[in-house]
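To keep things clear, I will list the structure first and then write my remarks on it.
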Amino acid sequence: GAGVSQSPSNKVTEKGKDVELRCDPISGHTALYWYRQSLGQGLEFLIYFQGNSAPDKSGLPSDRFSAERTGGSVSTLTIQRTQQEDSAVYLCASSLAGRGFLNSPLHFGNGTRLTVT
Amino acid sequence: AQKITQTQPGMFVQEKEAVTLDCTYDTSDQSYGLFWYKQPSSGEMIFLIYQGSYDEQNATEGRYSLNFQKARKSANLVISASQLGDSAMYFCAMKNAGKSTFGDGTTLTVKP
Chain A
1 GAGVSQSPSN KVTEKGKDVE LRCDPISGHT ALYWYRQSLG QGLEFLIYFQ
51 GNSAPDKSGL PSDRFSAERT GGSVSTLTIQ RTQQEDSAVY LCASSLAGRG
101 FLNSPLHFGN GTRLTVT
Chain B
118 AQKITQTQPG MFVQEKEAVT LDCTYDTSDQ SYGLFWYKQP SSGEMIFLIY
168 QGSYDEQNAT EGRYSLNFQK ARKSANLVIS ASQLGDSAMY FCAMKNAGKS
218 TFGDGTTLTV KP
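Chains A and B, in that order, are what the protein sequence lines are. Take the first sequence: its position 20, counting from 1, is numbered 20 in the working numbering, and each next residue is one higher. Just add 117 to the spot in the second sequence (first one is 1) and you have the working numbering.
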C-alpha cells in the first residue's frame, strides 16, 4: 500500500524493558512526526523530522525517549526502561515538505498500541 | 509558541442538522495552514479540510466547510446535514514553519 505503515500494531511489554516502534512514511514525504495519544485524549507531540535538518525533539517527555530517522525514510521511536505511564497509542504521520509543506495534510499510520504491564 | 484551543470537549447534534465545532489558534507567524481531522472509534485519523492563512475564501469540501476568521484567529468547522457516521472525535490542527500542533479535540455524537 501507499500509506504510512507502523509496526507493530500492538506491543505488550513488561515495565523496565526497552521497546522500538517503527514507522515507514509515504514515499517522497520528507516531513515525519511522532505523536502519543492516551485513550480519549488529544495528540501529544513528541518529535518532528524535516529532511536533513536537526529534528525538533522538544516534545519528548524524558530522556528515556529517543527517535531516529535513517536515510530520510524509516523512523524508529525507542523507549528505554518503559514505565506504566508510557502506555498509549503512538502515532506516526508524514507529509510533503518544501513549497507544499504548509498546505499538505498529515497522513497518519494506524498507530502502535503500547501496553506496559 | 503555537497553540490550538478547542473549547468543546463534547457536542451533540440531531441527525440531518448542522453543527459547528469551534477552534481558535495562536501564532505569530504570517504563513500557516489550518486543518481538521476526524478520528472515528476505529482510531484512524482522516483529513477533512484545509485552509491557508492567505486564503480569502472559506474552504469547503462536500458537507464540510471551514469558517475562517483571521482577525479573530478562529477556524471553526461546520458540518451540514449531520449523519450517524459523523460521530467521532474531531481535531483542529495548525502547520507553520515548525511542527504541526493539534487541539485537544471535540467528541461529536450524532443522535438519530
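Even glycine gets a Cβ: it sits at the ideal position worked out from N, Cα and C. Computed from a predicted structure; not experimentally measured.
For A210(B), the beta-bridge partners assigned by DSSP are F152(B), F219(B). In chain order, L102 make up the part of chain A whose C-beta sits under 8 Å from the C-beta of Y149(B).
Interface flag for Y48(A) against chain B is set, since a Cβ pair is found closer than 8 Å.
For T137(B), the closest Cβ of chain A is not nearer than 8 Å.
Close CB contacts of L21(A) within its chain, under the 6 Å cut and outside five residues either way in sequence, are with L77, Y90, T112 (chain order).
Taking C-beta atoms as the reference points, A205(B) and I121(B) fail to come closer than 8 Å. Sorting N10(A), T30(A), I47(A) by C-alpha distance to the C-alpha of R36(A) places I47(A) at the top. In this structure N193(B) is buried. Its beta-carbon is surrounded by 16 or more other beta-carbon atoms within 10 angstroms. Secondary structure of L165(B) (DSSP, three-state): strand.
Taking 8 Å as the cut-off, the beta carbon of V130(B) is found closer than this to the beta carbon of V227(B). Distance from N213(B) to Q119(B) at the Cβ level is roughly 6 Å; contact confirmed, criterion being Cβ atoms closer than 8 Å. Under the three-state reduction of DSSP output, D139(B) falls in the coil class, being neither helix nor strand. For a Cβ distance threshold of 8 Å, residue set G215, K216 of chain B lies close to D56(A), ordered along the chain.
Close partners of V19(A) in chain B (Cβ separation under 8 Å) are lacking, with about 19 Å as the shortest Cβ gap. Contact with chain B is absent for V12(A), since none of that chain's Cβ atoms lies less than 8 Å from the residue's Cβ. Annotated three-state conformation of L60(A) is coil, per DSSP.
DSSP places L91(A) in the strand class (E or B) of the three-state scheme. Taking 8 Å as the upper bound on Cβ-Cβ separation, chain A lies near no residue of the region 171–188 of chain B.
In this structure, the alpha-carbon of V19(A) lies about 23 Å from that of Q41(A). In the three-state DSSP reduction, D203(B) falls in the helix class (H, G or I). Taking each of D203(B), T137(B), F164(B) in turn and checking the Cα distance to S104(A), the smallest one comes out for F164(B). Straight-line spacing of the CA atoms in S38(A) and S87(A) works out to 8 Å.
D24(A): member of the beta strand (DSSP E) spanning 19–24, first to last residue. At a cut-off of 8 Å between C-beta atoms, F45(A) counts as an interface residue with respect to chain B.
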